[in-house]
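Colleague: The sequence shown begins at 1 in UniProt numbering and counts up one residue at a time.
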Amino acid sequence: MRRKIVAGNWKMNKNLQESVALAGEIKSALAGCPLCGVEVVVAPVFTNLYAVAQELKGTPVAVAAQNIYPKPSGAYTGEVSAPIAKSAGASKVILGHSERRQYFGETDEFLAEKVDAVLAENMEVIFCIGEVLAQRESGEHFQVVEQQIKNALFHLPASAWSRIVLAYEPVWAIGTGLTATPEQAEEMHAHIRKVVEDKYGKQVAEDLTILYGGSCNAKNAATLFAQPDVDGGLIGGASLKAEDFKTIIAARA
Ligand code: 13P
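Given below as structure tokens:
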């Protein structure tokens, strides 16, 4: 089944105390507020994941890691594995974010390994794809996104897709205030669904949840979510304020 999801990617923001406080504010903001079938996710920094998960225990808000290393354990100084993130309270992992691709050189091939590592733990993947501005301007954006999906995800069996959520995040829209128009988001989401359909068939494509991310905020969320192929949002800056995050969740309900 296609799902409605609003996820907050906190990126490298909020220390331990601030993270717990924000989780508490989100908990209060959502208390007694019908979520109307919207799944809410927050992704804090690794060191704060356990405390945030504890704060949100007993609420429907899920906790995601922002990354993992694809080995389960071993001599990989400074890294965190999927089973270790899971033991701290993460049920999902964001992978392929453009900031990881850009600043940490993550390739599609490396991301394919990470996807396998997350699925091996029965966790969910929120997989990010998106073109940079030059690629959109040269008309390559459909091709770029298609290739990212094929390279990192098309080795999976159809059954694995029930634990994959895609997030279309045009890089030029992230943190810039330049949101994709609802039409730009819709045409890319429809294209993504078609790419998945061509490989896995109509049912997998129809059931796939595709989020939009990139300067999605309390003001523009409703028009983006009104598009038939935009199933929810992956929110950066606006997820750091509980009231804005609540407004975005309500826009999806
Ligand atoms: P902003 O909402 O701050 O543009 O960030 C989007 C994003 O990168 C979410 O992963």
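Glycine residues also receive a C-beta, built at the ideal position from the N, C-alpha and C atoms. The structure presented is a predicted model; accordingly, all values stated were derived computationally and were not measured.
With distances taken Cα to Cα, identify the nearest neighbour of Trp17 among Ile5, Pro60, His191 and Val45.
Modeller: Correcting the residue identity first, residue 17 is Gln in this sequence and not Trp. Measuring from the Cα of Gln17, the nearest candidate turns out to be Val45.
Colleague: Looking only at C-alpha atoms, which of Ala250, Phe245, Val145 and Ala251 sits nearest to Leu22?
Modeller: It is Phe245.
Colleague: Find the nearest neighbour of Thr181 within the set Gln148, Met12 and Asn217, judged by alpha-carbon distance.
Modeller: The candidate whose alpha carbon is nearest that of Thr181 is Asn217.
Colleague: Answer with buried or exposed for Met1, where buried requires no fewer than 16 other C-beta atoms within 10 angstroms of its C-beta.
Modeller: Classification for Met1: exposed.
Colleague: Is the stretch 131–148 touching the stretch 78–92 in the sense that three or more CB pairs, one from each, lie closer than 8 Å?
Modeller: Because the criterion of three Cβ pairs below 8 Å is not met, the stretch 78–92 and the stretch 131–148 do not touch.
Colleague: Among Phe127, Asn122, Met123 and Tyr103, which one has its Cα closest to the Cα of Leu111?
Modeller: When each option's Cα is compared against that of Leu111, the closest is Phe127.
Colleague: Alpha carbon to alpha carbon, how far is Ser138 from Gly214? Give it in angstroms, no decimals.
Modeller: Approximately 20 Å between the Cα atoms of the pair.
Colleague: Could you check which residue in Lys194, Ile84, Ile248 and Ala238 has the C-alpha nearest to that of Phe142?
Modeller: Taking only the C-alpha atoms, the option nearest Phe142 is Lys194.
Colleague: So what does Lys219 bridge to, in DSSP terms?
Modeller: Its beta-bridge partners do not exist; DSSP assigns none.
Colleague: Using the three-state DSSP reduction, which class does Ala64 fall into: helix, strand or coil?
Modeller: Reduced to three states, the DSSP call for Ala64 is strand.
Colleague: Run the CB neighbour count on Asp229, radius 10 Å, all protein chains shown included, and call it buried at 16 or more, exposed below.
Modeller: The residue in question, Asp229, is buried, as its Cβ has 16 or more Cβ neighbours within 10 Å.
Colleague: Identify whether Lys202 lies in helix, strand or coil by the three-state DSSP scheme.
Modeller: If DSSP states are grouped into helix, strand and coil, Lys202 belongs with the helices.
Colleague: Are the beta-carbon atoms of Phe174 and Ile192 separated by less than 8 Å?
Modeller: Per the sequence shown, residue 174 should be read as Ile rather than Phe. No, these two residues do not count as a Cβ contact at 8 Å.
Colleague: Do Ala51 and Asp108 count as a contact pair if the criterion is CB distance below 8 Å?
Modeller: In this structure, Ala51 does not lie closer than 8 Å to Asp108 by Cβ.
Colleague: Ignoring anything shorter than 4 residues, give me the alpha helix (DSSP H) runs that lie fully in the stretch 134–168, in order along the chain.
Modeller: The qualifying runs are 141–153.
Colleague: Buried or exposed: which applies to Asn15, given that a residue is buried once 16 or more other Cβ atoms fall within 10 Å of its Cβ?
Modeller: Its Cβ having fewer than 16 others within 10 Å, Asn15 is exposed.
Colleague: According to DSSP, is Ala7 part of a helix, a strand, or is it coil?
Modeller: Here Ala7 sits in strand by DSSP.
Colleague: Please tell me whether, using a cut-off of 7 Å, the distance from the CB of His141 to the nearest non-hydrogen atom of ligand 1 is below it.
Modeller: Incorrect: His141 has no Cβ contact closer than 7 Å to ligand 1.
Colleague: Within 7 Å: the Cβ of Glu174 and any heavy atom of ligand 1?
Modeller: Looking at the sequence provided, one finds Ile at residue 174 rather than Glu. Yes.
Colleague: Can you tell me whether Leu56 sits near ligand 1, meaning its C-beta is under 7 Å from at least one heavy atom of the ligand?
Modeller: Outside the cutoff, so no.
Colleague: Going by beta-carbon coordinates alone, are Ile129 and Gly96 separated by less than 8 Å?
Modeller: Against a cut-off of 8 Å, the Cβ pair of Gly96 and Ile129 comes out as a contact.
Colleague: Can you grab the Cα-Cα spacing for the pair Ala160 / Val204, in whole Å?
Modeller: Distance between the alpha carbons of Ala160 and Val204 is about 10 Å.
Colleague: Does any heavy atom of ligand 1 sit closer than 7 Å to the C-beta of Ser73?
Modeller: No.
Colleague: Within 10 angstroms of its Cβ, does His189 collect 16 or more other Cβ (buried), or is it exposed?
Modeller: Buried, by the Cβ-count rule.
Colleague: How would you write the range of the alpha helix (DSSP H) that Ile126 sits in, first residue to last?
Modeller: Where Ile126 is concerned, there is no enclosing alpha helix (DSSP H), although the beta strand (DSSP E) it sits in stretches over Glu124 to Ile129.
Colleague: As a quick exercise: from Asn13, Phe154, Ser162 and Ser239, pick the residue whose alpha carbon is nearest that of Asn48.
Modeller: Of Asn13, Phe154, Ser162 and Ser239, the residue nearest in Cα terms is Asn13.
Colleague: To which residues of the same chain is Ser98 closer than 7 Å at the C-beta, ignoring the five residues directly before and after it?
Modeller: The answer, listed in chain order, is Cys128, Gly130, Glu169, Val171 and Ile174.
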